[in-house]
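Notes follow once the structure below has been shown.
Residue numbers (our numbering): 86 to 590.
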């Protein structure tokens, strides 16, 4: 993220906020005067105020929505351990709730944030303190420092400053509940320990049962459907926690967590996770996995949205058919995201893909050859014929084979996909009038395995190698190789070529 210019000034007691924000790319040029922190602070080693903020357990007892949870964390992340919550000049409330930079998400919506403020004030836990300081965005914590003797949980400031709540998605409780359980275990295990001199700032290891139990204890209003244990697995997928597999037993899993993990930049989710969620192969389908990753990152989406993004891409499968197409869409998406006025209206999957298809059709046109059928019968070969459009050898940009799948009524889509995945199609052409085989090559499918979208809408096989290996003016054959014969599935095929409109005219 490019650095922003901002001029700000700190007031007594809040220099630690500015100091910590300076460690992040968003705040690199602030003119500040450092002041001492308050004489009394709830913080104790290793939970130093420059790296951690406290969350009163009292404040969490009635939280039932992720928006309310995120709003309270945002407020408390602006507290230095004393009794005041104050947003610095360089990062006012709107900076977190009405952010104008489309490349980073809001932590919480402004409406939800204001509702939470009103709720906390009605509970007698927070009061505006503008009369106590010349600032309209300053609040005082009532009940500080005891908070009804319920104690506090320490949370890493990077959780808010890196905007993790916004990246983890609205209404995704699993991540939040699991993180709170980890923060609670860290608080219990590390409170009062000496200042670390090397290695991770704080590192803790705990069993999943204990983490889940603490999450439920601290969040008694947590919806019953929420499973913090599943949230732990999701955090492990993101690389934020590590499962200690050697400590795993038949009845319990053990996780290791360091708050330093939250210092990493969110948004570029692991390719292995994206591939698994979309049913792709991380190596063979690399171009598609990378495209889904980019749509998630540029639209500030959590990893769970990957299947929805992939479904949108698959709806354009006739036009965005090959790995090269995926890379071209990615280039267009990256170009749009780099614009100063870029926003999620510009980088949404439907918008980008629709514009890409329109641009492709304006630049070039498709011409189709005669249709033909292929039964799912190993060794079947079509009669020799010219299956390409007339004059196909004239300035062709791309050649593809369109395949639609005709299922018998009792054959399911899943079973059809399994049959078709083991299918290979070869193109062969003989030399002259003899039977000598001169070309034999495999028509590559667009994906490592077919999915229901392909069975429903058809698949597109890349046949561009034909350009250099086939005499487009002479007949050729298509041969079938399959693992098992089946009369329940028939392939209806048609070659098509794409050439520039300039060449066509």
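A virtual CB, placed ideally from N, CA and C, is assigned to each residue, including glycine.
- Name the one or two DSSP bridge partners that residue 441 has. For residue 441, which the question treats as bridged, DSSP gives no partner whatsoever.
- Query: Would DSSP call residue 635 helix, strand or coil?
  - Reply: Within the shown structure, residues of the chain are numbered from 86 to 590, placing residue 635 beyond reach of any answer.
- For residue 330, name the three-state secondary structure that DSSP assigns. Residue 330: helix per DSSP, three-state reduction.
- Message: Does residue 135 come out as helix, strand or coil in the three-state DSSP assignment?
- Response: Three-state result, residue 135: coil.
- Item | Cut-off 6 Å between Cβ atoms - residues of its own chain near residue 189, not counting five sequence neighbours on either side | Only 248 meet the Cβ criterion.
- Query: In whole angstroms, what separates the C-alpha of residue 198 from that of residue 243?
  - Reply: Roughly 19 Å separates the two Cα atoms.
- Quick one: what's residue 546 bridged to in DSSP? Paired residue(s): 486.
- Query: Per the contact definition of three or more C-beta pairs closer than 8 Å, is the segment 320–339 in contact with the segment 157–172?
  - Reply: Touching, no, given that fewer than three Cβ pairs across the two stretches are closer than 8 Å.
- Helix, strand or coil: how does DSSP classify residue 368 here? Note: residue 368 maps to coil in three-state DSSP.
- Message: Within the continuous beta strand (DSSP E) that includes residue 401, where are the two ends?
- Response: Residue 401 -> no beta strand (DSSP E), and no H or E assigned at all.
- Task: Counting only runs of 3+ residues fully inside the segment 286–355, write out the beta strand (DSSP E) ranges in chain order.
- Result: With a minimum length of 3 residues, the continuous beta strand (DSSP E) runs that stay inside the segment 286–355 are 289–292, 326–328, 339–342.
- residue 184 by DSSP, collapsed to three states: which one? Residue 184 carries a coil assignment under DSSP once its states are collapsed to helix, strand and coil.
- Buried or exposed by the 16-neighbour rule on C-beta atoms within 10 Å, applied to residue 171: Result: buried.
- Item | Distance between residue 460 and residue 492 (C-alpha atoms, nearest Å) | Each residue's CA atom was taken as its position, placing residue 492 and residue 460 some 11 Å apart.
- Query: What separation, rounded to the nearest whole angstrom, lies between the Cα atoms of residue 234 and residue 147?
  - Reply: Between residue 234 and residue 147, the C-alpha separation is close to 17 Å.
- Query: Excluding sequence positions up to five away, which residues of its chain have a Cβ less than 6 Å from the Cβ of residue 548?
  - Reply: The residues 484, 485, 486, 528, in chain order, have a CB closer than 6 Å to that of residue 548 in the same chain once the five nearest residues on each side in sequence are set aside.
- Reducing DSSP to helix, strand and coil, say where residue 414 ends up. Per DSSP, reduced to three states, the secondary structure at residue 414 is helical.
- Item | Pair within 7 Å by beta-carbon distance, residue 209 and residue 227 | One thing to note: residue 209 has its Cβ within 7 Å of the Cβ of residue 227.
- Can you tell me whether DSSP reads residue 66 as helix, strand or coil? Within the shown structure, residues of the chain are numbered from 86 to 590, placing residue 66 beyond reach of any answer.
- Given that a residue counts as buried once 16 or more other Cβ atoms are within 10 Å of its Cβ, and exposed if not, what is residue 192? By the neighbour-count definition (other C-beta atoms within 10 Å, threshold 16), residue 192 is a buried residue.
- Task: Output the boundary residues of the beta strand (DSSP E) element that contains residue 460.
- Result: In the DSSP annotation of this structure, the continuous segment of the beta strand (DSSP E) that includes residue 460 starts and ends at 457–461.
- Could you check what DSSP says for residue 252 in three-state terms: helix, strand or coil? If DSSP states are grouped into helix, strand and coil, residue 252 belongs with the helices.
- In three-state DSSP terms, what is residue 235? In this structure, residue 235 counts as coil in the three-state DSSP scheme.
- Message: Quick check on DSSP: helix, strand or coil for residue 506?
- Response: Taken through DSSP and simplified to helix, strand or coil, residue 506 comes out as helix.
- Task: Could you check if residue 553 is buried or exposed, using at least 16 other CB atoms within 10 Å of its CB as the buried criterion?
- Result: Counting Cβ neighbours within 10 Å, residue 553 comes out exposed, since fewer than 16 surround it.
- Can you tell me where the beta strand (DSSP E) with residue 156 in it begins and where it stops? Residue 156 -> not in any beta strand (DSSP E); alpha helix (DSSP H) instead, spanning 151–162.
- So residue 158 and residue 250 are in contact, right, with Cβ under 8 Å, and what is the actual spacing, rounded? Right, their Cβ atoms sit about 7 Å apart.
- Query: In whole angstroms, what separates the C-alpha of residue 580 from that of residue 454?
  - Reply: Put simply, the backbone Cα of residue 580 is about 5 Å away from that of residue 454.
- Alpha carbon to alpha carbon, what distance is there between residue 149 and residue 299? Roughly 16 Å between the two C-alpha positions.
- Message: For the structure I just gave you, are there three or more beta carbon pairs, one from the segment 352–363 and one from the segment 496–509, closer than 8 Å?
- Response: Taking 8 Å as the limit for Cβ pairs, the verdict is that the segment 496–509 does not touch the segment 352–363.
- Message: By the three-class DSSP mapping on this structure, what secondary structure does residue 424 have?
- Response: For residue 424, the three-state secondary structure derived from DSSP is coil.
- With C-beta atoms as the reference, is residue 538 less than 7 Å away from residue 399? Yes. Within cutoff.
- Are residue 412 and residue 382 closer than 7 Å when you measure CB to CB? With respect to the 7 Å criterion, residue 412 and residue 382 are not classified as neighbours on the basis of their beta carbons.
- Task: Go through its chain and collect everything with a Cβ distance to residue 452's Cβ below 7 Å, but skip five positions before and after it.
- Result: The residues 474, 581, 582, in chain order, have a CB closer than 7 Å to that of residue 452 in the same chain once the five nearest residues on each side in sequence are set aside.
- In angstroms, rounded to a whole number, what distance separates the CA positions of residue 340 and residue 218? Roughly 44 Å between the two C-alpha positions.
- Between residue 256 and residue 239, what straight-line distance do the alpha-carbon atoms span, to the nearest angstrom? When rounded, the distance between both Cα atoms is 23 Å.
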